[in-house]
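Q:
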Amino acid sequence: MKKIALLTLHRVFNYGSVLQTLATQKLIEKTGNKCEVVDYITPQRTKAALRREYKITGLRTFIYYFFRAISIEIKWMGFNAFLKKNVNLSKKRYIDIVDLRQNPPQADIYMTGSDQVWNSVYNKGIDEGFFLQFGDKNIKRIAFASSFGLEKLEESEQDRIKQYLTDYRHISVREESAAEIVNSLIGKRPEVVLDPTLQISAEEWFELETDKLMKDKYVLLMLLYNEDNGATDIARKIADDAGWKLVKISWDLFKDSRVDKLFTHRSPKDFISLVHNAEYVVTNSFHGTAFCINFNKQFTVVRRNQMQTRIDNILRMTGLENRLVSNLETFDINSAKEQIDYANINAVLEKERQRSIGLLEEAING
1 MKKIALLTLH RVFNYGSVLQ TLATQKLIEK TGNKCEVVDY ITPQRTKAAL RREYKITGLR
61 TFIYYFFRAI SIEIKWMGFN AFLKKNVNLS KKRYIDIVDL RQNPPQADIY MTGSDQVWNS
121 VYNKGIDEGF FLQFGDKNIK RIAFASSFGL EKLEESEQDR IKQYLTDYRH ISVREESAAE
181 IVNSLIGKRP EVVLDPTLQI SAEEWFELET DKLMKDKYVL LMLLYNEDNG ATDIARKIAD
241 DAGWKLVKIS WDLFKDSRVD KLFTHRSPKD FISLVHNAEY VVTNSFHGTA FCINFNKQFT
301 VVRRNQMQTR IDNILRMTGL ENRLVSNLET FDINSAKEQI DYANINAVLE KERQRSIGLL
361 EEAING
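Rendered as structure tokens:
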């Protein structure tokens, strides 16, 4: 049994990021090895940094900051409780690359993955921690289902990232665009594997969920970063057409008048339950889309303003490109009501699960 130190995006207030962390841990354990998630927070994601993000310049800003501070505290407590209960975190917390270099994790293998660990926009620069630039160079380094979250890199970043990628013994990525980037830098095309949340079966996820939160049938609305692009109106139309409620899960503190029920500051377990029990889902989130597919839900994806490539990739892989709409003007209620036949899709997912876990075993043992 090997001990694998995993560095991933687990300290973010995002359901998909936290659940992919747990999924990756489960996959490593399924290979017969031990996983320790390195509690790497990064400077911009510490509680203190989040609180410092806004300066108080007036009454309205003070009120906003006050509610934001409460929101951060609730998120921190809820997500921390989930991580402590379900994820094997390292005892030591690391804030930056200096911490990692001064007292590197003890492991047989260092691993990056998955999620947008290599996204320099999201990480506010190239984060050397997620490129495993610490510890004994003789320790094997692998990347599993890693993502840039971008179609291409800035030219100024390419030389550094190329140097870091050459330290890896094995690389797999989550999207075709990431495979193209890696291939262009090091001349070797990595395998594209399923996001870890899709590699864990729906039944395994259901074991984690809370009890059903709504008695009525409902459409679930889940949006990232307040990018609406007509999604709320689309969800309202679907709900009205079917006679269902419209439920939203978000970090909003105040309910939109178009929404019947707001679930705010909920746990990852509640997220699983709300997706599982929805009649229909409208989302612009990659992991929202992934969980819909895994749970065989009827859904519509509304195009995001940026970082759309990973959603396009998963829809293309499953033949569900027709579930994507750009805005309210391009939405057609009759197309949205067409039932997704999951028989073929589930067969594709199972085949990809077997291939992906095989590649992980090969990366660890090869």
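Going by my numbering, the letters in the sequence shown line up with residues 1 to 366, in that order. Built from N, CA and C at the ideal position, the CB exists for glycine as well. Owing to the predicted nature of the structure, the values given are computational and were not obtained by experimental measurement.
Measure the CB-CB distance between residue 219 and residue 278 and report whether it falls below 8 Å.
A: Within the sequence shown, the letter at position 219 stands for residue 219. Within the sequence shown, the letter at position 278 stands for residue 278. Going by C-beta atoms, residue 219 is nearer than 8 Å to residue 278.
Q: Of all the alpha helix (DSSP H) runs that stay within the bounds of the segment 253-334, which reach a length of 4 or more residues?
A: 268-277, 286-294, 309-317
Q: In angstroms with no decimal places, state the Cα-to-Cα distance between residue 261 and residue 148.
A: Along the sequence shown, read from residue 1 onward, the residue named residue 261 stands at position 261. Along the sequence shown, read from residue 1 onward, the residue named residue 148 stands at position 148. If I take the Cα positions, the gap works out to 35 Å.
Q: So, is residue 121 buried or exposed, given that buried needs 16 or more other C-beta atoms within 10 angstroms?
A: In the sequence shown, residue 121 corresponds to position 121, counting from 1. Classification for residue 121: exposed.
Q: Kindly provide the ranges of any beta strand (DSSP E) runs that are 3 or more residues long and lie completely inside the segment 101-175, ordered along the chain.
A: 109-112, 140-146, 170-173
Q: Between 124, 316, 144, 11, which lies nearest to residue 72 when the distance is taken from Cα to Cα?
A: The residue labelled residue 72 in the question sits at position 72 within the sequence shown. Looking from the CA of residue 72, the closest CA among 124, 316, 144, 11 belongs to 11.
Q: If we require 3 or more residues per run, which beta strand (DSSP E) segments fall completely within the segment 189-234?
A: 218-222
Q: Between the beta-carbon of residue 42 and the beta-carbon of residue 113, is there less than 8 Å?
A: Within the sequence shown, the letter at position 42 stands for residue 42. Within the sequence shown, the letter at position 113 stands for residue 113. Contact flag unset, no.
Q: In angstroms with no decimal places, state the Cα-to-Cα distance between residue 162 and residue 182.
A: Within the sequence shown, numbered from 1, the residue matching residue 162 stands at position 162. Within the sequence shown, numbered from 1, the residue matching residue 182 stands at position 182. Distance between the alpha carbons of residue 162 and residue 182 is about 8 Å.
Q: How many angstroms separate the CA atom of residue 229 from the CA atom of residue 256?
A: Translated into positions along the sequence shown, residue 229 becomes position 229. Translated into positions along the sequence shown, residue 256 becomes position 256. Straight-line Cα distance between these residues: approximately 15 Å.
Q: So, at 7 Å on beta carbons, what are the nonlocal neighbours of residue 264 in its own chain, with the 5 sequence-adjacent residues on each side left out?
A: Residue 264 sits at position 264 when you count from the first residue of the sequence shown. Excluding sequence positions up to five before and after residue 264, its CB lies within less than 7 Å of the CB of 250, 251, 252, 253, all in the same chain and listed in chain order.
Q: Given a cut-off of 8 Å, decide if residue 145 and residue 189 are closer than it, judged by their beta-carbon atoms.
A: Along the sequence shown, one-based indexing puts residue 189 at 189. Along the sequence shown, one-based indexing puts residue 145 at 145. For residue 189 and residue 145, no; Cβs fall outside 8 Å.
Q: Given a cut-off of 8 Å on the beta-carbon distance, is the pair residue 108 and residue 2 in contact?
A: Numbered from 1 along the sequence shown, position 108 holds the residue referred to as residue 108. Numbered from 1 along the sequence shown, position 2 holds the residue referred to as residue 2. Yes, these two residues count as a Cβ contact at 8 Å.
Q: Could you please give the first and the last residue of the uninterrupted beta strand (DSSP E) stretch that includes residue 249?
A: What you label residue 249 is simply residue 249 of the sequence shown in a count that begins at 1. Note, residue 249: beta strand (DSSP E), 245-250.
Q: Tell me the residue span of the alpha helix (DSSP H) that contains residue 375.
A: Past the boundaries of the shown model lies residue 375; the chain is included only from 1 to 366, so the question cannot be answered.
Q: How would you label residue 322, buried or exposed, when you count the other beta carbons within 10 angstroms and need 16 or more for buried?
A: As a first step, residue 322 must be located in the sequence shown, where it is residue number 322. So residue 322 counts as exposed.
Q: Report the option in 81, 318, 83, 19 whose CA atom is closest to the CA atom of residue 342.
A: Position 342 of the sequence shown holds residue 342. Nearest of 81, 318, 83, 19 to residue 342, Cα basis: 318.
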